[in-house]
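In short: position in the sequence shown from 1, add 4, done, that's this note's numbering.
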Amino acid sequence: MSTGVRVCLFLTLIGAVLTFAPFIAADVLKALGDAGFALAFVGAVMALTAFICAFVFHSRDRFRRELVSGRGLLARWNYTAGEWKTFSQGERKRQADMRRLLLGITAALMALATVITYAIDRGAGVATGIVLLVVWLLCWLVSWATSRARARRDRAGPPEVRISASALLIGTELHVWRGWGNTLEECELYEGPPKQLSITYSSPNRHSRTSTDVVVPIPSGKEGEAVEVCRRLQPGGRRRD
């Protein structure tokens, strides 16, 4: 069982506890008032979402096994410590800045929703504020865990990168652009420095699609192989300076 599946099942358990705890303990429900029902709703949504995610992660493991076995690989790259350090420092900063921006925007929107609700109904406003605070803290926790995992991976040394027509594996980090509505959108080569291969794919969400941009450095001497990878993934893939 992969880490993603275990995390999702753990979140499913937490969501189930949040859903039923207020009703099992009558004193708790009475003390929480309207917030108890809001907490139960958040827990139910969390449990259902996490359970679905666990199923998706389990199905994604098939692509991981194929990459690890070496079947259908387009490229298998290794890096020197210097190559990976130069790349990872810039990439960590870029991702950290983006996460801080998203958390700030989310906090502002949640605060605005709480103020508006409080102006209409104080009781509902307090309950809404509590629920949104819990949601924001969960978002922050995911962001923090992601940053820690990335830093831990980089400290472990340069990872191996495996690329196939359907997925990419950076150490243990898996990206899939085939199946479950995922679509490969673009493959680009950046001349750098450092030279990089960028793969953009999109995944369906509730109302639109979420775009993910994966960037990996091109090892020294592998420029020709990177061009062929981009050509195989997306004929007409572009170069950028």
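Where a beta carbon is used, it is the ideal one built from N, C-alpha and C, also for glycine. Source: prediction; values computed, not measured.
Looking at residue j and residue i, is the spacing between their C-beta atoms short of 8 Å?
i      : j      : result
Phe27  : Ala44  : yes
Ala54  : Thr16  : yes
Ile174 : Val220 : yes
Thr187 : Ser212 : no
Arg96  : Arg10  : no
Trp181 : Ser170 : yes
Leu178 : Ile203 : no
Leu107 : Trp148 : no
Thr121 : Ala128 : yes
Leu193 : Cys234 : yes
Ala115 : Thr132 : no
Glu189 : Ser224 : no
Compute the beta-carbon to beta-carbon distance between residue i and residue j, rounded to the nearest angstrom, for a pair I have assumed lies under 8 Å.
i      : j      : result
Gly47  : Gly19  : 5 Å
Val139 : Ala42  : Not quite, the Cβ-Cβ distance comes to about 11 Å (not below 8 Å), so this is no contact.
Pro198 : Phe61  : At roughly 31 Å, the Cβ-Cβ gap does not stay under 8 Å, so Pro198 and Phe61 are not in contact.
Ser168 : Leu78  : 6 Å
Cys12  : Ala51  : With a Cβ gap of about 10 Å, Cys12 and Ala51 do not count as contacting.
Arg151 : Ala100 : According to the sequence displayed, residue 151 carries Ser and not Arg. The Cβ separation is near 6 Å, so the contact holds.
On the DSSP letters alone, give me the boundaries of the beta strand (DSSP E) that residue i sits inside.
i      : result
Glu246 : No answer is possible for residue 246: the residues shown for the chain start at 5 and end at 245.
Glu177 : 177-180
Ser202 : 200-208
Pro221 : 213-221
Trp81  : 77-81
When DSSP labels each residue in this structure, what does residue i get in the three-state scheme?
i      : result
Gln238 : coil
Ser92  : helix
Trp148 : helix
Ser249 : The structure shown does not extend to residue 249, since the chain is modelled only from 5 through 245, so no value can be given for it.
Cys12  : helix
Ala58  : helix
Ala169 : coil
Gly74  : coil
Gly183 : strand
Tyr122 : helix
- Query: Within the chosen definition, does the stretch 68-87 reach the stretch 153-168 through at least 3 CB pairs nearer than 8 Å?
  - Reply: yes
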